[in-house]
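First the structure, in the form of structure tokens, and then the observations on it.
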Amino acid sequence: MKKSKPVRTLPEITPRSDTREVLAHATEEARSLSDVFVVDLDAHVTETAFWNEIVDRMDDEVLRHMAQSFREKAGNPPGLLNHRPGMVFQDVAGRIPHQTGLQEATEENGVHRMIQLVRRAMDSMGIDIQIIFPTPMLLLGMHPQPEIEVALGNAFNRWMTEQILPAEPRIKGLVYLPFNDPTAAYATAKAFADKPGIIGFSITATRNRPVHHNDYMKLYSFIEETGKPLTFHSGFHWDDPSLLQLNRFISMHAITFVHYNLIHLTNWVINGLPERFPKLKLVWVESGLAWVPFIMQRLDFEFHMRPSEAPLLKRPPSDYIREMYFTSQPLERENLKLTEATFEAINAESQLLYSSDWPHWDFDTPASITGLPFLSARAKRQILGLNAARLFNLPVRRMK
Numbered sequence: 031m032k033k034s035k036p037v038r039t040l041p042e043i044t045p046r047s048d049t050r051e052v053l054a055h056a057t058e059e060a061r062s063l064s065d066v067f068v069v070d071l072d073a074h075v076t077e078t079a080f081w082n083e084i085v086d087r088m089d090d091e092v093l094r095h096m097a098q099s100f101r102e103k104a105g106n107p108p109g110l111l112n113h114r115p116g117m118v119f120q121d122v123a124g125r126i127p128h129q130t131g132l133q134e135a136t137e138e139n140g141v142h143r144m145i146q147l148v149r150r151a152m153d154s155m156g157i158d159i160q161i162i163f164p165t166p167m168l169l170l171g172m173h174p175q176p177e178i179e180v181a182l183g184n185a186f187n188r189w190m191t192e193q194i195l196p197a198e199p200r201i202k203g204l205v206y207l208p209f210n211d212p213t214a215a216y217a218t219a220k221a222f223a224d225k226p227g228i229i230g231f232s233i234t235a236t237r238n239r240p241v242h243h244n245d246y247m248k249l250y251s252f253i254e255e256t257g258k259p260l261t262f263h264s265g266f267h268w269d270d271p272s273l274l275q276l277n278r279f280i281s282m283h284a285i286t287f288v289h290y291n292l293i294h295l296t297n298w299v300i301n302g303l304p305e306r307f308p309k310l311k312l313v314w315v316e317s318g319l320a321w322v323p324f325i326m327q328r329l330d331f332e333f334h335m336r337p338s339e340a341p342l343l344k345r346p347p348s349d350y351i352r353e354m355y356f357t358s359q360p361l362e363r364e365n366l367k368l369t370e371a372t373f374e375a376i377n378a379e380s381q382l383l384y385s386s387d388w389p390h391w392d393f394d395t396p397a398s399i400t401g402l403p404f405l406s407a408r409a410k411r412q413i414l415g416l417n418a419a420r421l422f423n424l425p426v427r428r429m430k
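For the numbering used here, add 30 to where a residue sits in the sequence shown, where the first one is 1.
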């Protein structure tokens, strides 16, 4: 690991505090990782900070003009995005300031601001490779206009593959798939699959499209042929009718990230997609892990009594789920006996992938894995990076 400068004690952490100082304790923890290959499967950019760069890459001239016109509006809102800033409570009324967006100073050295921020986080936490997801765009699957999801999703893909990934080999990207339009999603997958730095595909799970619909079979077949994984990154959506009865952010946030991935995973398994696409590798992102043993047991219970309703399945649902991959954050650690049982249920040593979710409010450092007393040294190395290297075909080369 690169030798770090002495870290001063901060009298106060604000949105303008330097990432390296905010993560000072993580840097101390990371010294033990100097010989460990670490891949962070889920970190985020607040893409609205670079919105002008993104919307300028929209290929539809009319939609691009519409998005650009928002620059003249008071507050410079991100044009065409269905994000509701007034309903964002993750920073606990400002008490967790890094959640509000990294506003620290960066150097005027010709290196893109986002790349500088990502490098600071990776170096501070001892991470070799980091996979970047958007943040407000995680809600784009609920946009009432599918054509705007297509336009913004592809603009984000262009921005990542043109501006960010070529400039920093430690940053990797996944193709944002505009899933509400199956034809466009297929075209997008084909257009970006082989771009340098792209190691897989991503569906934002916060949406109400049935993943098992026949319109998507062509897309899944293509992704399977590439050999690259498909991720479902969950999120929250308080406006979902089933969640409107929840009156506190804590309740909604605790449930929704599980809610969407649980539904999509259930549809994927019960409708036989693991049998139709046996080589397609799935990753379920940012849902934690506690829900997985539940759905394994629940689906097995139902399947053993009603197998005729899942005619494509040749094995119990839990068998297919154990072959899927899951990211670790937010890792439930309140009861380590339950955590250990969960790790055993999902074959964590081979199927679990470390993720930080930095810079969001509930991020996990690599110590969330290294500090688990029931894991062997080998299991920790697998989860921290070697599983991801195998899954995404990454060279195991320490880059920090």
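By construction, the Cβ of each residue, glycine as well, lies at the ideal position given by its N, Cα and C atoms. The structure presented is a predicted model; accordingly, all values stated were derived computationally and were not measured.
{"query": "Could you round the C-beta distance between Leu295 and Ile325 to whole angstroms and report it? I think they count as a contact, below 8 Å.", "result": "7 Å"}
{"query": "So Ala97 packs on Gly109, CB below 8 Å; how close in whole Å?", "result": "4 Å"}
{"query": "Go through the segment 148-226 residue by residue and report every complete run of the beta strand (DSSP E) that reaches 3 residues or more, in order.", "result": "159-163 and 201-206"}
{"query": "Using a Cβ-Cβ cut-off of 8 Å (strictly less than) and excluding sequence neighbours within five positions of Thr130, which residues of its own chain qualify?", "result": "Pro45, Asp121 and Gly124"}
{"query": "Identify which residue in Ala79, Ser385 and Lys258 has its Cα closest to the Cα of Phe186.", "result": "Ala79"}
{"query": "Identify, in the order they occur along the chain, each residue of the same chain with its Cβ nearer than 7 Å to the Cβ of Leu40, setting aside the five sequence neighbours on each side.", "result": "Ser47 and Glu51"}
{"query": "If you count every other CB in all the chains shown that lies within 10 Å of the CB of Thr213, and 16 or more means buried, which is it?", "result": "exposed"}
{"query": "Between which two residues does the alpha helix (DSSP H) carrying Leu232 extend?", "result": "A small correction: the amino acid at residue 232 is Ser; Leu does not occupy that position in the sequence shown. That residue, Ser232, is in no alpha helix (DSSP H); its beta strand (DSSP E) goes Ile228 to Thr234."}
{"query": "Is the distance from the Cβ of Leu249 to the Cβ of Ala215 below 8 Å?", "result": "yes"}
{"query": "Tell me the rounded alpha-carbon separation between Pro308 and Gly116.", "result": "43 Å"}
{"query": "Could you please give me the residues that DSSP links to Thr357 through a beta bridge?", "result": "Leu383"}
{"query": "Quick one: using the 10 Å Cβ neighbour count with 16 as the cut-off for buried, is Pro174 buried or exposed?", "result": "exposed"}
{"query": "From what residue to what residue does the alpha helix (DSSP H) around Thr256 run?", "result": "Met247 to Thr256"}
{"query": "Using only the alpha-carbon positions, how far apart do Arg411 and Val68 sit?", "result": "8 Å"}
{"query": "Taking the straight line between their C-alpha atoms, what separation do you get for Ile201 and Trp298?", "result": "29 Å"}
{"query": "Please work out which residues of its chain come closer than 8 Å, Cβ to Cβ, to Trp391, disregarding the five sequence neighbours upstream and downstream, and give them in chain order.", "result": "Gln120, Asp121, Val122, Ile126, His128 and Gln129"}
{"query": "Of the residues Thr369, Ser281, Arg345 and Arg336, which one's Cα is nearest the Cα of Pro323?", "result": "Thr369"}
{"query": "Indicate the three-state DSSP secondary structure (helix, strand or coil) for Ala73 in the structure shown.", "result": "strand"}
{"query": "Would you kindly work out how many angstroms separate the C-alpha atoms of Val164 and Gly140, rounded to a whole number?", "result": "The question names Val, but residue 164 is Pro in the sequence shown. For Pro164 and Gly140, the distance between alpha carbons rounds to 23 Å."}
{"query": "Measure the alpha-carbon distance for Thr76 versus Pro226 and round it to whole angstroms.", "result": "22 Å"}
{"query": "Are the CB atoms of Ser386 and Asp70 within a distance shorter than 8 Å?", "result": "yes"}
{"query": "Classify Leu260 as helix, strand or coil using the three-state DSSP reduction.", "result": "strand"}
{"query": "Who does Leu292 pair with in a DSSP beta bridge?", "result": "Its beta-bridge partners do not exist; DSSP assigns none."}
{"query": "Identify whether Leu312 lies in helix, strand or coil by the three-state DSSP scheme.", "result": "strand"}
{"query": "Tell me the DSSP secondary structure of Asn365 in three-state form.", "result": "coil"}
{"query": "Helix, strand or coil, according to DSSP, for Phe447 in the structure here?", "result": "Nothing can be reported for residue 447, as the shown portion of the chain is limited to 31 through 430."}
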